[in-house]
Amino acid sequence: MERRDQIEIRRMLRKDLEDVLAIEKISFPAPWSRFLFEQEFLFPHAHLLAAGDLALPGRVWGYLCFWLVAEETHILNLAVHPQWRCRGVGSRLLEYVVDYSRAKGVEEIFLEVRRSNHRAISVYRRFHFQPLGIRPRYYQDSGEDAIIMGLRLTDPSLTVTDEKRPQRNQRENC
């Protein structure tokens, strides 16, 4: 079985927060606090996902937080533990959100990404996200700009079918 097939995507639980906060802290210069994650659990439009190994339940390798409001999905936070990067964890999380959003009738998915985060931008481009604009000085910790990226799910040429899903045959950007 390919390692990618062993990645389980499930709803994040409060008991996952220790792993999630550890990943958050090593992944971002201005990490979300426990309070922010706790608040996300309370919002009806918020969806928190955890990724891990089917054979080793209970450990979180990565996570993704998004909001689904009307016909839009907004990805708020995506991180993978450094030990599990470049192994398909982030891609599986994105696949889940794209498939879930499409099933819910969502028309567009949006996100912001640091201008300097070339690895993430490369992953989003493989999923056909396109730059839509800039949020100047979006990140308060550094004043760095955010690139707004979007994926229009109603564009049939961008439908991600099993045959067209991004593949990671080489370890680019790793």
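So in the numbering used here, spot 17 of the sequence shown is number 14, and the numbers just go up one at a time. Where a beta carbon is used, it is the ideal one built from N, C-alpha and C, also for glycine.
The three-state secondary structure of tyrosine 93, taken from DSSP, is helix. Assignment of beta-bridge partners to asparagine 74 by DSSP yields Cys62. At the C-beta level, leucine 45 and methionine 9 come within 7 Å of one another.
Put simply, the backbone Cα of threonine 70 is about 19 Å away from that of glycine 59. With 16 or more other Cβ atoms from the protein chains shown falling within 10 Å of its own Cβ, phenylalanine 126 counts as buried.
Where alanine 19 is concerned, the enclosing alpha helix (DSSP H) starts and stops at 14 to 24. Of the candidates His115, Trp81, Pro133, Arg116, Trp81 places its Cα closest to the Cα of isoleucine 20.
For glutamate 105 against arginine 149, the beta-carbon gap comes to about 5 Å, under 8 Å, which counts as contact. Excluding sequence positions up to five before and after aspartate 142, its CB lies within less than 7 Å of the CB of Arg112, Ile131, Arg132, Pro133, Arg134, Tyr135, all in the same chain and listed in chain order. The alpha-carbon of serine 98 is positioned some 31 Å away from that of glycine 140. Under the DSSP definition of a beta bridge, glutamate 109 partners with Ile145.
At least 7 Å separates the beta-carbon of serine 30 from that of alanine 76. For glutamate 35, the secondary structure class from DSSP, reduced to helix, strand or coil, is helix.
Taking 8 Å as the upper bound for CB-CB distance, isoleucine 4 and alanine 52 are not in contact here, some 11 Å apart. Residue environment for glutamate 37: buried (at least 16 other C-beta atoms within 10 angstroms of its C-beta). In the structure shown, glycine 102 falls within a coil segment according to DSSP collapsed to helix, strand and coil. In the DSSP assignment, arginine 8 falls within the beta strand (DSSP E) that extends over 4 to 8.
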